[in-house]
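Enquirer: Line order of the protein sequences matches chains A and B.
The first sequence: position 68 = 68 (my numbering), numbered continuously.
The second sequence: position 367 = 367 (my numbering), numbered continuously.
Here it is, the structure in full.
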Amino acid sequence: MVKQILSPLPGTFYRRPAPDKPVYKEVGDSVSVGDVIGLIEVMKSFNEVTADQTGVITGFPADDEEPVMAGQPLVELG
Amino acid sequence: MAIRKLLVANRGEIAVRIIRAAQELGIKTVAVHSLADADSLAVKLADEAVPIGPPAAAKSYLKIEAILEAARLTKADAVHPGYGFLAENADFADAVEAAGMVWVGPKGDSIRVMGDKVAARIAAEAAGVPVVPGSDGRIDDPVQARAVALAIGFPVMIKAAAGGGGRGIRIAHDMEEFERLIPQASAEAKAAFGDGGLYMEKVIERARHIEVQVLGDGTRAVHCFERECSLQRRRQKVWEEAPSATLPQAMRERLCASAVALAAAVGYRGAGTLEYLYDDASGAFYFIEMNTRIQVEHPVTEMVTGIDLVREMIRIAGGEPLRFRQDDIRLKGHAIEVRICAEDPSKGFQPAPGTILALRVPGGAGVRFDTMLYQGCTVPPFYDSLLGKLIVWDEDRPSAIARMRRALGELAVEGLPTTRPLHLLLADDPAVAQADFHTRWLEPWLERNAHRLGETPE
């Protein structure tokens, strides 16, 4: 089964800490538990999304700056 | 030009508020909305609705071209910006007028002057309105620094002229401490920013936030008395009142007169608010800034003066002269507003979007609930958390607090947590009953009372 990191909140998904900063993670990067993989903006407050499992990123099913629902996959891990 | 069709360039409770005012004036309304707000109350109440983009505000409510296109499409002849979003965007105001429409607000140039802190401070001083005493620019010479400190009075805040983010800030309570801190502050500023220049400002330790509502028609201006909004969390107002419970009458007259002087000096048109810090200890007040729009907490002023501020804004924008002389505007009773937000007070006020499963709205004498909610509506995660404002009026402040407690008891919102439990606790708090608070009162209170914010008192 594909391992996924899910959005803990509904809101807008951001893959970078600020518009002029590089993305937190790229496909091929390995992540450990606790690594920040992105931000969810909900009602003007920004919440860091951290990895709850370990693996190598194979894809981002959610696009940068797009709305996401709680429980929607943000990252796929191989 | 008499307005026939008003486009509301906003969302949420304020869009509903503006649509209601327009309808009462016989003006047709157009709601513009993002994809996330297609089923919003404002869209349901407006005569017409136009989608202007995806949920993100930057791609919808902040998109000037999309809003102007919606106005062209619907042949709207006026735009009301509400608060937030483009309300204080001078370029938007100019663009609306350039497109041949009426802008319900002050001229773009008034927004520019008052939106610039330095320009606003200069305009205030020119109109004789007191500003927070400070060094009026950078200071490099210790002798000059001492003279300025003595002139403005302790405690004094010393900041790096090139600074930001709180670095290089020192507070000196007397001259001895000042002498010790000046070289430190300068050295730190030099190390952090490569510039040892400093500036100084008086510290107002126990300040109340008091603001004056003004109305102007470009020629003449009046005030509608003050509001006190000292209960704040992270600089966001939480509980607002009119009038201020503690302002002596003579001080009220001086404060309100200063606001009218500034509004008149800049030829202000529409509704505006001048915000002040009021120092209980010394009885001094200081202008901080002017908001060139309708404010969230405007209903408390409406309740104590009987003036519909949003309606007056629309009338003035349509070319009518101000309908009131100062003597016509009387203060009656006391009003309180609390902000009902989709936040969980028991979890550090974490925002909580969702769906409203059930709603019971408070009613009865002296109660008003300005809201975007209806049963079954969704509260999207893309915008601020304000769901509505519960406003009460009564003949005096103790009765108004009792009425607020009663109205909060009636309010029931199911489907998501709200800030109602916070307001129930505040309504029972002895310090609130005495109006014994200031702008930094609420945050430590929240820490002390964190354990009680989880309960849902019934």
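The beta carbon of each residue, even a glycine, is placed where N, CA and C say it ideally should be.
Small disclaimer: the values here were computed from a predicted structure and weren't measured.
#1: Sorted by chain position, which residues of the same chain lie with C-beta nearer than 6 angstroms to Asn291 (chain B)'s C-beta, five sequence neighbours on each side aside?
#2: Does DSSP classify Pro457 (chain B) as helix, strand or coil?
#3: Determine whether the Cβ of Ser88 (chain A) lies closer than 8 angstroms to any Cβ atom of chain B.
#4: Closer than 8 angstroms by beta-carbon distance: list the chain A residues that pair up with Glu56 (chain B), in chain order.
#5: Decide if Met69 (chain A) is buried, meaning its Cβ has at least 16 other Cβ atoms within 10 Å, or exposed.
#6: Would you please state the rounded distance, in angstroms, between the beta carbons of Gly197 (chain B) and Ala162 (chain B)? I believe it to be under 8 angstroms.
#7: Rounding to the nearest angstrom, what Cα-Cα distance links Phe304 (chain B) and Val31 (chain A) in this structure?
#8: Give me the Cα-Cα distance between Arg219 (chain B) and Gly319 (chain B), rounded to the nearest whole angstrom.
#9: Cβ of Leu35 (chain B) within 8 angstroms of Cβ of Pro51 (chain B)?
#10: At 3 residues or longer, and completely inside the segment 19-102 of chain B: list those beta strand (DSSP E) runs for me, N to C.
#11: Val30 (chain B) and Thr74 (chain B) look like a contact to me (Cβ under 8 angstroms); what is the Cβ gap, rounded to whole Å?
#12: With a CB to CB cut of under 6 angstroms and the five nearest residues on each side skipped, what residues in its chain are close to Asp174 (chain B)?
#13: Would you verify that the beta carbon of Lys21 (chain A) is, or is not, closer than 8 angstroms to some beta carbon of chain B?
#14: Just tell me which of A:Leu77, A:Pro61, A:Ser45 has its CA closest to the CA of Ala51 (chain A).
#15: Do the segment 260-269 of chain B and the segment 175-187 of chain B make contact, defined as three or more Cβ pairs closer than 8 angstroms?
#16: Tell me, please, whether the CB atom of Ala342 (chain B) is closer than 8 angstroms to any CB atom in chain A?
#17: Does chain B have any CB closer than 8 angstroms to the CB of Arg15 (chain A)?
#18: Run through DSSP, which three-state label would Gly55 (chain A) get?
#19: Can you give the Cα-Cα distance for Leu387 (chain B) and Gln326 (chain B), rounded to whole angstroms?
#20: What does Asp394 (chain B) pair with, by DSSP beta-bridge criteria?
#21: How would you list, in chain order, the residues of chain B whose beta-carbon sits under 7 angstroms from the beta-carbon of Lys44 (chain A)?
#22: Using DSSP with H/G/I as helix, E/B as strand and the rest coil, what is Gln144 (chain B)?
#23: Hey, does Pro51 (chain B) have any beta-carbon neighbour from chain A nearer than 8 angstroms?
#24: Are the CB atoms of Ala317 (chain B) and Ile19 (chain B) within a distance shorter than 8 angstroms?
#25: Buried or exposed, going by whether 16 or more other CB atoms sit within 10 Å of the CB of Gly454 (chain B)?
#26: If we ignore side chains and look at the alpha-carbon of each, how far apart do Val238 (chain B) and Met43 (chain A) end up?
#27: Is the CB of Pro353 (chain B) under 8 angstroms away from at least one CB in chain D?
#28: Return yes when the C-beta of Val379 (chain B) is under 7 angstroms from any heavy atom of the ligand FAD, and no when it is not.
#29: Can you tell me which of the three DSSP states Gly12 (chain B) falls into?
#30: Leaving out five residues before and five after Pro299 (chain B) in sequence, what residues of the same chain have Cβ atoms less than 8 angstroms from its Cβ?
#31: Just checking my contact of Asp279 (chain B) with Ala172 (chain B) at CB under 8 angstroms: how many whole Å lie between their CB atoms?
#32: Since Pro106 (chain B) meets chain A, which of its residues come closer than 8 angstroms, beta carbon to beta carbon?
#33: Can you tell me whether Glu24 (chain B) is buried or exposed, with buried defined as 16 or more other CB within 10 angstroms of its CB?
#34: Verify whether the separation of the beta carbon atoms of His209 (chain B) and Glu253 (chain B) is less than 8 angstroms.
#35: Relative to the C-alpha of Ser186 (chain B), which residue among B:Lys159, B:Ser258, B:Gly82 is closest?
#36: Quick one: which chain A residues come within Cβ less than 8 angstroms of Pro345 (chain B)?
Expert: Working from what's here:
#1: By one-based count along the second sequence, residue 291 (chain B) stands at place 291. Counting only Cβ-Cβ distances below 6 angstroms, and skipping sequence neighbours, we find Thr273.
#2: On the second sequence, position 457 is the one that residue 457 (chain B) refers to. Here Pro457 (chain B) scores only 45 on pLDDT, less than 50, and its place in the model should not be relied on; the value that follows carries that caveat. It is coil, neither helix nor strand.
#3: What is shown of chain A runs 1 to 78, which leaves residue 88 (chain A) out entirely.
#4: What you label residue 56 (chain B) is simply residue 56 of the second sequence in a count that begins at 1. Note that residue 56 (chain B) is Ala in the sequence shown, not Glu. Going along chain A in sequence order, the residues near Ala56 (chain B) (Cβ under 8 angstroms) are Thr12, Glu65, Pro67.
#5: If you number the first sequence from 1, residue 69 (chain A) lands on position 69. The residue is exposed, with fewer than 16 neighbouring Cβ atoms inside 10 Å.
#6: Stepping through the second sequence from its first residue, residue 197 (chain B) is reached at position 197. Stepping through the second sequence from its first residue, residue 162 (chain B) is reached at position 162. So it is a contact: roughly 6 angstroms between Cβ atoms.
#7: Sequence index remark: in the second sequence, residue 304 (chain B) carries index 304 (1-based). Sequence index remark: in the first sequence, residue 31 (chain A) carries index 31 (1-based). Checking the sequence shown, residue 304 (chain B) turns out to be Val, not Phe. In this structure, the straight-line span from the alpha carbon of Val304 (chain B) to that of Val31 (chain A) is close to 59 angstroms.
#8: In the second sequence, counting from the first residue as 1, residue 219 (chain B) sits at position 219. In the second sequence, counting from the first residue as 1, residue 319 (chain B) sits at position 319. The residue you asked about is not Arg; residue 219 (chain B) is Thr in the sequence shown. Those two C-alpha atoms are separated by around 12 angstroms.
#9: On the second sequence, residue 35 (chain B) is found 35 positions in, with the first residue counted as 1. On the second sequence, residue 51 (chain B) is found 51 positions in, with the first residue counted as 1. Yes, the Cβ-Cβ distance between Leu35 (chain B) and Pro51 (chain B) is below 8 angstroms.
#10: List check, beta strand (DSSP E) in window: 28-34, 48-53, 78-80.
#11: The residue given as residue 30 (chain B) occupies position 30 in the second sequence. The residue given as residue 74 (chain B) occupies position 74 in the second sequence. The pair is a contact, with the Cβ atoms about 5 angstroms apart (cut-off 8 angstroms).
#12: Taking the second sequence and counting its residues from 1, the one referred to as residue 174 (chain B) is at position 174. The residues are Phe154.
#13: Walking along the first sequence from the start, residue 21 (chain A) turns up at place 21. Residue-level contact check: Lys21 (chain A) does not touch chain B, since none of the beta carbons of chain B fall below 8 angstroms from its beta carbon.
#14: Along the first sequence, read from residue 1 onward, the residue named residue 51 (chain A) stands at position 51. Here the closest residue by C-alpha is A:Leu77.
#15: No contact exists between the segment 260-269 of chain B and the segment 175-187 of chain B.
#16: Locating residue 342 (chain B) in the second sequence gives position 342, where the first residue counts as 1. Yes - at least one Cβ of chain A is within 8 angstroms of the one on Ala342 (chain B).
#17: For this step, residue 15 (chain A) is matched to residue 15 along the first sequence. Answer no: the Cβ-Cβ gap between Arg15 (chain A) and chain B never drops below 8 angstroms.
#18: The count along the first sequence starts at 1 and reaches residue 55 (chain A) at position 55. If DSSP states are grouped into helix, strand and coil, Gly55 (chain A) belongs with the strands.
#19: As a working mapping, residue 387 (chain B) is identified with position 387 in the second sequence. As a working mapping, residue 326 (chain B) is identified with position 326 in the second sequence. Rounded to the nearest angstrom, the two C-alpha atoms are 34 angstroms apart.
#20: Here the question's residue 394 (chain B) lines up with position 394 in the second sequence. Paired residues: B:His334.
#21: As a first step, residue 44 (chain A) must be located in the first sequence, where it is residue number 44. Here the neighbours are Asp384.
#22: Position 144 of the second sequence, counted from the start, is the residue given in the question as residue 144 (chain B). In this structure, Gln144 (chain B) counts as helix in the three-state DSSP scheme.
#23: For the purposes of this step, residue 51 (chain B) is identified with residue 51 of the second sequence, where counting begins at 1. No, Pro51 (chain B) does not count as interfacial toward chain A.
#24: In the second sequence, residue 19 (chain B) corresponds to position 19, counting from 1. In the second sequence, residue 317 (chain B) corresponds to position 317, counting from 1. In this structure, the beta-carbon distance from Ile19 (chain B) to Ala317 (chain B) does not fall below 8 angstroms.
#25: Position 454 of the second sequence holds residue 454 (chain B). Burial is judged here by how many other beta carbons sit within 10 angstroms of a residue's own beta carbon; Gly454 (chain B) has fewer than 16 and is exposed.
#26: Your numbering for residue 238 (chain B) matches position 238 in the second sequence. Your numbering for residue 43 (chain A) matches position 43 in the first sequence. Each residue's Cα considered, the two are about 16 angstroms apart.
#27: Looking at the structure shown, chain D is missing, and the protein chains on hand are A and B.
#28: What this structure holds is no ligand at all, so the ligand FAD is not there to describe.
#29: The residue labelled residue 12 (chain B) in the question sits at position 12 within the second sequence. Correct three-state label for Gly12 (chain B): helix.
#30: Within the second sequence, numbered from 1, the residue matching residue 299 (chain B) stands at position 299. Same-chain partners within the cutoff: Ala335, Glu337, Arg368, Asp370, Lys389, Ile391.
#31: In the second sequence, the residue the question calls residue 279 (chain B) occupies position 279. In the second sequence, the residue the question calls residue 172 (chain B) occupies position 172. Cβ-Cβ separation between Asp279 (chain B) and Ala172 (chain B): approximately 18 angstroms, too far for a contact (criterion under 8 angstroms).
#32: If you number the second sequence from 1, residue 106 (chain B) lands on position 106. Neighbours of Pro106 (chain B) on chain A: none; closest Cβ ~26 angstroms, over 8 angstroms.
#33: Translated into the one-based positions of the second sequence, residue 24 (chain B) becomes position 24. Exposed is the label assigned to Glu24 (chain B), since fewer than 16 other Cβ atoms lie within 10 Å of its Cβ.
#34: As a position in the second sequence, residue 209 (chain B) is number 209, starting the count at 1. As a position in the second sequence, residue 253 (chain B) is number 253, starting the count at 1. With contacts defined by Cβ atoms closer than 8 angstroms, His209 (chain B) and Glu253 (chain B) do not form a contacting pair.
#35: Taking the first residue of the second sequence as 1, we reach residue 186 (chain B) at position 186. It is B:Lys159.
#36: Taking the first residue of the second sequence as 1, we reach residue 345 (chain B) at position 345. From the beta-carbon of Pro345 (chain B), no residue of chain A is found nearer than 8 angstroms; the closest lies around 14 angstroms away.
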